[in-house]
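So the sequence shown is numbered by the working numbering: it starts at 358 and just counts up by one.
Ideal Cβ positions, reconstructed from N, Cα and C, are used throughout, including at glycine.
Please read these numbers as outputs of a predicted model, since none were measured by experiment.
For reference, the structure is listed below as structure tokens.
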Amino acid sequence: MRYRRVLCIYNPSAGRGISQWKLEALQQALSVHVSEVRLAPTSLSGHATDLAKQAAVEGCDLVAVYSGDGTVNEVVQGLAGMPSPALLVLPGGTANVLANELGLPIDPLMAARLLPQLAAKPVRLGQAIFSNNNDQSRYFLLMCGAGLDAAVADRVSKPLKRRLGQAAFWLAGARFSLQRFPRARISGADNGASSPSCGLVVVSKSRLYGGGLVLTPGASLLADHFITAQYPGANRLVYGSYLAAAKCHLMSKCPGVLLEPREDLVLEPAAADRVQVQLDGEVVGELPARITLSDATCTVLMPESYMSA
């Protein structure tokens, strides 16, 4: 399929910075398959959402995002519920979880050249509704994490992230491991059982997580349910074993971890803790929150191999 008009949204400060020559090379690569290519830099938080909405109004049939997962999440807020334009991710961030999940090349130029081979598929979005913030809600494409991962993400400074990349998260995690973990739980388990107190709860449509970790095996962007992963306790040695299992893709065999398919759940603090929430890698609020699979979709370009996996 040949697209008519594409808006390529990019965050100039994503990853370790975006060079002008790479932007020009991307524009040229996209122009081989698209009649009109326009570049649009973001200037502040939330700007990518406005740019995506404007692209739809102007009749673009494709929005490319050359940035990280956080900017992709902003674009999703603008495209949610629209069959067009489609979303193409061109990896340019720190973790690039969406690109890795789909099996796209981590080189943005190689990803752009694959455009004719990618299929457009509607993906049902997750939605987090925050009851302590006037029921404000936000969509997510990949995952929602409450507890440890959000607390660590909140402690990573942007300058350190640009300088060290993913190593900045490992460094922040090592420092945070010396503190008391915030604890969360799923409220009202479907089977009537009491939900355990967890240092981390992940609700995901992505098998992969940052750093090549597999926290929610069996999850898929195309599934009509989440995979929830509950990591009980707050013992640092136990979380070291969780990390090793996630790195070796053995989470389903890790004792104590609860993996379940769900479509709708409520996350709440397990004690008088302040428990932060991240969506697609960006800290956006605090518990309590309802996490539900929305009827709203976003059309995502993906390889045939992902759809047949």
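How many whole angstroms separate the CB atoms of residue i and residue j, which I take to be in contact at a CB cut-off of 8 Å?
i      : j      : result
Gln474 : Pro618 : Not a contact, Cβ separation roughly 31 Å.
Ala322 : Ala485 : Residue 322 falls outside the range modelled here, since the chain spans only 358 to 666, and no answer is possible.
Leu383 : Tyr423 : 6 Å
Val480 : Leu579 : 7 Å
Cys365 : Val394 : 6 Å
Ala627 : Ala541 : 6 Å
Leu565 : Glu639 : At roughly 17 Å, the Cβ-Cβ gap does not stay under 8 Å, so Leu565 and Glu639 are not in contact.
Asp621 : Phe497 : Rounded, the Cβ-Cβ distance is 14 Å, inconsistent with contact.
Gly483 : Ile648 : 7 Å
Pro553 : Arg631 : Between Arg631 and Pro553 the Cβ distance is about 19 Å, and since that is not below 8 Å, they are no contact.
Rounded to whole angstroms, what is the Cα-Cα separation between residue i and residue j?
i      : j      : result
Tyr367 : Gln587 : 34 Å
Leu471 : Ser376 : 21 Å
Ala443 : Ser609 : 34 Å
Asn674 : Met467 : Outside the shown range of the chain (358 to 666) lies residue 674, about which nothing can therefore be said.
Ala469 : Leu380 : 12 Å
Met500 : Leu650 : 11 Å
Ser400 : Cys611 : 43 Å
Ala591 : Phe583 : 24 Å
Trp378 : Asn453 : 21 Å
Val429 : Thr573 : 21 Å
Val560 : Pro465 : 28 Å
Asp407 : Ala397 : 11 Å
Gln385 : Gly613 : 51 Å
Leu517 : Ser370 : Note on Leu517: pLDDT 49, under 50, position unreliable in the model; no value is reported.
Ala602 : Leu557 : 15 Å
Trp527 : Ala666 : Summary for Trp527: the model assigns pLDDT 45, below 50, so the residue's position carries little reliability; its value from the coordinates is reported in the next sentence. Cα to Cα, the separation comes out at about 30 Å.
Ser672 : Gly427 : Because the chain here runs from 358 to 666, residue 672 falls outside it and cannot be looked at.
Arg593 : Asp652 : 38 Å
Pro440 : Leu644 : 31 Å
Val446 : Tyr596 : 32 Å
Tyr360 : Ser402 : 28 Å
Cys555 : Pro589 : 4 Å
Leu616 : Gly567 : 18 Å
Ser392 : Glu415 : 15 Å
For the alpha helix (DSSP H) that residue i lies in, which residues bound it at each end?
i      : result
Thr428 : Asp426 to Leu436
Lys379 : Gln377 to Ser388
Lys610 : Lys610 -> no alpha helix (DSSP H), and no H or E assigned at all.
Ala680 : Not covered by the structure: residue 680. The range shown for the chain is 358 to 666.
Could you spell out the range, first to last residue, of the beta strand (DSSP E) harbouring residue i?
i      : result
Leu364 : Tyr360 to Tyr367
Thr649 : Ala646 to Met659
Val634 : Gln633 to Leu636
Ala503 : Met500 to Gly504
Arg395 : Val391 to Pro398
Ser370 : No beta strand (DSSP E) holds Ser370; DSSP gives it neither H nor E.
Ser494 : Gln493 to Phe497
Ser544 : Ala541 to Ser544
Quick one: residues in its chain with C-beta nearer than 6 Å to the C-beta of residue i, no 5 flanking neighbours on either side, listed in chain order?
i      : result
Cys409 : According to the sequence provided, residue 409 is Ala. The question's Cys does not apply to it. Cβ within range, chain order: Val420, Val432, Gly435 and Leu436.
Leu521 : The predicted model places Leu521 with a pLDDT of 48, which falls under 50 and marks its position as unreliable; any figure quoted below should be read in that light. Closer than 6 Å at Cβ, skipping near neighbours: no residue.
Gly575 : Ile584
Gly425 : Ala371, Gly450 and Thr451
In chain order, what residues of the same chain lie with their CB nearer than 8 Å to the CB of residue i, ignoring the 5 residues before and after it?
i      : result
His404 : Glu431
Ala476 : Leu658, Met659, Pro660, Glu661 and Met664
Val623 : Ile543, Ser544, Gly545, Pro645, Ala646, Arg647 and Ile648
Gly569 : Asn457 and Lys604
Asp581 : Arg481, Glu620 and Leu650
Leu600 : Leu570
CB-CB under 7 Å to residue i, same chain, minus the five flanking residues each way: which ones, in chain order?
i      : result
Ser662 : Gly460
Gln493 : Phe487
Cys417 : Arg362, Val363, Leu364 and Pro442
Cys655 : Val433, Leu436, Ala437, Leu444, Val480, Leu482 and Leu498
Met358 : none
Val571 : Arg564, Leu565, Ala603, His606 and Met608
Ile463 : Pro448, Asn453 and Ala456
Asp511 : Gln633 and Val640
- prompt: At what residue ranges does the stretch 548-629 contain a whole run of the alpha helix (DSSP H), taking only runs of 4 or more?
  reply: 593-604
message: What ranges does the alpha helix (DSSP H) occupy inside the stretch 435-476, keeping only unbroken runs of at least 4 residues that lie completely in it?
response: 454-459 and 465-470
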